[in-house]
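Below: one structure, written as C-alpha cells.
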Amino acid sequence: MRQRLMVGLCVATLVGAGCARAPKPRGPWAVPDPEARFAQLVPRPASLERLNGGPLSIGPGTIIGADAAARPAAALIATLVRHVTGTKPPIADPSAATGANAIIVTLTGDAAANPEGYELRVDAGGLRLTAATPAGLFYGVQTIRQLLPAAAEYEAILFQQPRPVLLPAVHIVDRPRYSWRGAMLDVARHFFSVDEVKRYIDLLALHKMNRLHLHLADDQGWRIEITSWPDLTLKGGRSEVGGGAGGYYTQAQYSDLVAYAADRFVTIVPEIDMPGHTNAALSSYAELNCSGVAPEPYSGTEVGFSAFCVDRDVTYRFIDDVVREIAALTPGPYFHAGGDEVKTLTPEQYRAFVERVQTIVEKHGKQMVGWDEIAAARLLPTSIVQHWRPEASRTLLAGAPHLILSPADRMYIDMKYDEDTILGLNWAGYVPIRTSYDWDPDARVPGAAPGAVLGVEAPLWSETVTNIHDVEYMAMPRLAALAEVGWTPQARRSWRDFRVRLAAQAPRWTALGVNFYRDPEIYGR
Ligand code: TNX
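Here the sequence shown is numbered in our numbering, starting from 66 and rising by one per residue.
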C-alpha cells in the first residue's frame with residue numbers, strides 16, 4: 066500500500082524515468098481455496114455442493130441483473146463487490162445482465178412454502194441467487210458476503226486499480242431449521258443508545274437471525290415513551306443499575322429502530338415485564354402500588370421484590386394503555402409480557418393476572434410471549450412460552466402452545482465464559498462457547514408437540530454490561546454459535562467443524578470492529 070501511494074505521488078509530481086509508470090495493476094484477490102472460503106460460512110448452510118470448474122471472477126464488466134423486487138438485495142451485493150474490487154457493478158434488468166461473469170438475482174417460488182430459504186449457484190459462468198421472498202434473498206446476500214474476503218467489510222476504497230475478486234464454484238440450497246432465531250437485549254438494567262442497538266441488529270443480520278427482543282422495562286428503568294403515562298419515562302427512565310443516568314427511546318426513535326430492523330428482516334419483540342420487575346413504573350405512578358405510595362427508584366441488582374397491585378382496576382387500565390401504544394408502534398405480531406420471578410403474589414393471583422394480560426394483548430392484535438413461569442396459566446393457542454429456567458417443569462413446558470428455548474445454561478450470554486471472565490454473572494454456571502453450541506433444541510423439552518419449538522433466543526441481561534463494547538464481548542462468539550443452532554440442521558452440525566469456522570470469523574469481525582472474546586481455545590494463545 067505504502068509503495069503504491071508513493072508511486073502515485075511520483076506520477077503526479079515528477080517526470081522521471083522511474084516515476085512516469087502508471088501504478089502496476091493488481092492481480093485478483095488470491096485464488097480462493099474453496100475450503101477456506103467455505104470455512105467462513107456461519108451458520109453452516111443446509112446443503113453445500115462444491116462444483117467442478119473454475120472460480121467466478123467478479124470485476125470490471127460484471128453486471129448485476131435483478132427484477133424490481135430483488136433490487137434491494139442487488140444493491141447490497143453491488144456495495145459488497147465495490148468494497149472488495151473498487152468497482153461498483155451496475156444494476157440492470159435480468160435480460161441485460163449477460164456476459165460470463167454476470168450476477169443474477171431473482172425472486173421466484175412459493176413464499177409460503179419457503180419463507181426464508183435461498184439458492185445460490187456460482188460457477189465460471191456467473192452467480193445466480195434466487196429465493197421466494199426478499200428475506201431469503203437477504204440471507205443469500207449474507208452468504209455471498211461471507212464467501213468474499215473480509216475486506217468486504219471495510220468501506221473506504223483505497224485501490225487505484227480495480228481488483229477482481231474470485232468466488233469458488235458452489236451450489237448452495239439453504240433454509241433455516243427454526244423460524245425464531247432471536248436475541249434479547251436488556252436495555253432496562255443499563256440503557257443502550259439507538260446507534261448501539263442498530264449495531265447489535267447488524268450483528269444479528271450477519272448471522273441470519275431474525276428476532277430482536279427488547280427488554281424495555283424492569284425495576285431499574287422504563288425505556289419507551291408512553292404518551293398516555295408520561296412519567297414512565299420522565300421519572301422511571303432516569304435510573305439504571307449503578308446509579309447512571311438511564312435514558313429512554315421516544316416513540317419516533319423506537320419506530321426508527323423497528324424500521325432499521327425490518328430492513329434487515331429482524332422483527333422487534335417489545336417486552337414490558339410484569340407483574341414483577343416493575344419498580345420503575347411503580348416509582349413513577351403511586352396509584353399502581355397497593356400501598357398508594359411510590360417507592361424510590363432502584364439501581365441495585367436484586368430481583369423479585371416488586372409487583373403491580375393486581376387487584377386494582379387502574380393497573381389494567383394502565384396495562385391496556387401501554388400495550389395499546391406499543392402495539393400500534395410495532396408491526397411484528399408479538400408482545401412480550403414478561404411474567405418472571407414474581408415473589409410477592411400467590412400462585413392464584415399470578416395466574417389470574419397472566420390470563421387477564423393475555424386478553425389485553427390479544428385485544429390489541431398481538432400474540433403474547435412470556436417467560437416460562439406463565440406456563441402455569443391457561444394460555445391461548447397463539448401464546449408463546451420462553452423457556453429460561455434450567456429447572457423449569459418439563460411437564461408444564463411440554464404443554465405450552467409454542468416454545469422459544471432460552472435455557473440459561475446454554476443460551477444466556479450474560480453468563481461468564483469461565484472463571485476469568487470479568488463481565489457477566491454465573492448463577493446458571495459458566496457458559497463456554499462449546500456449551501452454547503453443542504445441544505439439540507428439539508431434545509430439550511421431551512413430550513413437546515411436534516413443531517411446538519419455534520426456535521431459540523439468546524438473552525443478554527445487562528446488570529454488568531454498560532455499553533455496546535461490553536455487549537459484544539459477551540455476545541461474540543456465542544451469538545454466532547447460537548445462530549447456527551437456530552439455522553443449521555442438527556445432522557449438519559459438529560463442534561469440531563464449527564470451531565474451525567468460528568476461528569475463520571476473526572478477520573471479518575476485526576474488520577467490523579467487533580470486540581469479540583478471543584477464546585484461546587479457538588483463536589490461540
Ligand atoms: C434472571 S431471566 C432474570 C433476569 C436477570 C437474569 C440475569 C429472567 C426471565 N429473569 O431478571 O437479569 O436472570 O441472568
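We treat Cβ as the ideally placed atom computed from N, Cα and C, and that holds for glycine.
In this text the structure is predicted, and so the values were computed from the model without any measurement.
Buried or exposed by the 16-neighbour rule on C-beta atoms within 10 Å, applied to residue i
{"i": "Gln-23", "result": "What is shown of the chain runs 66 to 590, which leaves residue 23 out entirely."}
{"i": "Gln-68", "result": "Bear in mind that the predicted position of Gln-68 carries a pLDDT of just 35, short of 50, making it unreliable; the figure below should be weighed with that in mind. Exposed, since its Cβ has fewer than 16 Cβ neighbours within 10 Å."}
{"i": "Ala-372", "result": "buried"}
{"i": "Leu-353", "result": "buried"}
{"i": "Leu-435", "result": "In the sequence as displayed, the identity of residue 435 is Gly instead of Leu. It counts as buried."}
{"i": "Trp-287", "result": "buried"}
{"i": "Ala-77", "result": "Here Ala-77 scores only 35 on pLDDT, less than 50, and its place in the model is too uncertain to base an answer on."}
{"i": "Pro-110", "result": "buried"}
{"i": "Glu-218", "result": "buried"}
{"i": "Gly-311", "result": "buried"}
{"i": "Pro-524", "result": "buried"}
{"i": "Val-358", "result": "exposed"}
{"i": "Met-71", "result": "With a pLDDT of only 33 at Met-71, under the threshold of 50, the placement of this residue in the model should not be trusted, and no figure is reported."}
{"i": "His-534", "result": "exposed"}
{"i": "Gly-589", "result": "exposed"}
{"i": "Val-422", "result": "buried"}
{"i": "Pro-97", "result": "buried"}
{"i": "Thr-380", "result": "buried"}
{"i": "Ala-402", "result": "buried"}
{"i": "Arg-115", "result": "exposed"}
Proximity winner among the options, relative to residue i (alpha-carbon distances)
{"i": "Gly-309", "options": "Ser-293, Met-339, Tyr-363", "result": "Tyr-363"}
{"i": "Asn-275", "options": "Ala-200, Gln-211, Ala-217, Leu-394", "result": "Ala-200"}
{"i": "Ile-291", "options": "Lys-300, Glu-390, Arg-382", "result": "Glu-390"}
{"i": "Pro-515", "options": "Tyr-243, Lys-300, Pro-398, Tyr-482", "result": "Tyr-243"}
{"i": "Asp-385", "options": "Phe-257, Ser-527, Val-238, Trp-294", "result": "Trp-294"}
{"i": "Arg-186", "options": "Pro-180, Ala-176, Ala-167, Ala-178", "result": "Ala-167"}
{"i": "Arg-264", "options": "Ala-326, Gly-205, Gly-311", "result": "Ala-326"}
{"i": "Pro-545", "options": "Asp-505, Gly-247, Asp-507", "result": "In the sequence under discussion, the amino acid at residue 545 is Ala, which differs from the Pro named in the question. If we check each option's Cα against that of Ala-545, Gly-247 comes out closest."}
{"i": "Lys-300", "options": "Thr-150, Phe-370, Arg-228, Leu-347", "result": "Leu-347"}
{"i": "Phe-418", "options": "Pro-340, Leu-470, Tyr-314", "result": "Pro-340"}
{"i": "Ile-209", "options": "Pro-233, Ala-189, Arg-228", "result": "Pro-233"}
{"i": "Ala-345", "options": "Thr-395, His-255, Leu-468, Asp-328", "result": "His-255"}
{"i": "Arg-303", "options": "Val-252, Ala-351, Ala-138, Ala-101", "result": "Val-252"}
{"i": "Leu-113", "options": "Asp-260, Ile-142, Gly-119, Glu-100", "result": "Glu-100"}
{"i": "Arg-102", "options": "Val-146, Ala-215, Gly-403", "result": "Ala-215"}
{"i": "Val-149", "options": "Glu-537, Leu-212, Tyr-477", "result": "Leu-212"}
{"i": "Ile-320", "options": "Val-407, Val-259, Arg-459", "result": "Looking at the sequence itself, residue 320 is Ser, so the reference to Ile does not match. Ranking the options by Cα distance to Ser-320, first place goes to Val-259."}
{"i": "Pro-585", "options": "His-272, Arg-499, Gly-397", "result": "Arg-499"}
Assumed close pair residue i, residue j - CB separation to whole angstroms, cut-off 8 Å
{"i": "Ser-356", "j": "Leu-297", "result": "With 8 Å as the limit, Ser-356 and Leu-297 do not qualify as a contact, their Cβ atoms being about 19 Å apart."}
{"i": "Leu-445", "j": "Ala-465", "result": "Leu-445 to Ala-465, Cβ: 11 Å. No contact."}
{"i": "Val-230", "j": "Ile-123", "result": "5 Å"}
{"i": "Thr-152", "j": "Pro-227", "result": "4 Å"}
{"i": "Ala-135", "j": "Leu-202", "result": "6 Å"}
{"i": "Glu-261", "j": "Asn-532", "result": "7 Å"}
{"i": "Val-521", "j": "Leu-547", "result": "6 Å"}
{"i": "Glu-438", "j": "Asp-405", "result": "6 Å"}
{"i": "Glu-336", "j": "Leu-394", "result": "About 14 Å separates the two Cβ atoms, so there is no contact after all."}
{"i": "Tyr-477", "j": "Pro-497", "result": "Contact flag wrong, Cβ pair sits at about 12 Å."}
For residue i: DSSP bridge partner residues
{"i": "Phe-400", "result": "Met-433"}
{"i": "Gln-451", "result": "Trp-436, Ile-469"}
{"i": "Leu-577", "result": "Per DSSP, none; premise fails for Leu-577."}
{"i": "Val-259", "result": "Answer is none; Val-259 lacks a bridge partner."}
{"i": "Pro-335", "result": "Leu-279"}
{"i": "His-236", "result": "Glu-114, Arg-186"}
{"i": "Trp-287", "result": "Ala-282"}
{"i": "Leu-322", "result": "Looking at the DSSP assignment, Leu-322 forms no beta bridge with any residue, so it has no partner."}
{"i": "Glu-522", "result": "Gly-247"}
{"i": "Ala-196", "result": "Leu-172"}
Any C-beta of chain C under 8 Å from that of residue i
{"i": "Ile-425", "result": "In the displayed structure, chain C is absent; only one protein chain is listed."}
Any contact of the stretch 168 to 175 with the stretch 187 to 207, i.e. 3+ C-beta pairs under 8 Å? When C-beta atoms of the stretch 168 to 175 are compared with those of the stretch 187 to 207, three or more pairs fall below 8 Å, so the two segments count as touching.
Below 8 Å, can you find three or more Cβ-Cβ pairs linking the stretch 546 to 563 to the stretch 572 to 585? Using a C-beta cut-off of 8 Å, the stretch 546 to 563 makes no contact with the stretch 572 to 585, since fewer than three inter-stretch Cβ pairs fall below that distance.
Can we say the stretch 121 to 137 touches the stretch 556 to 565, given the rule of at least three CB pairs closer than 8 Å? Proximity of the stretch 121 to 137 to the stretch 556 to 565 falls short of the contact definition, fewer than three beta-carbon pairs being nearer than 8 Å.
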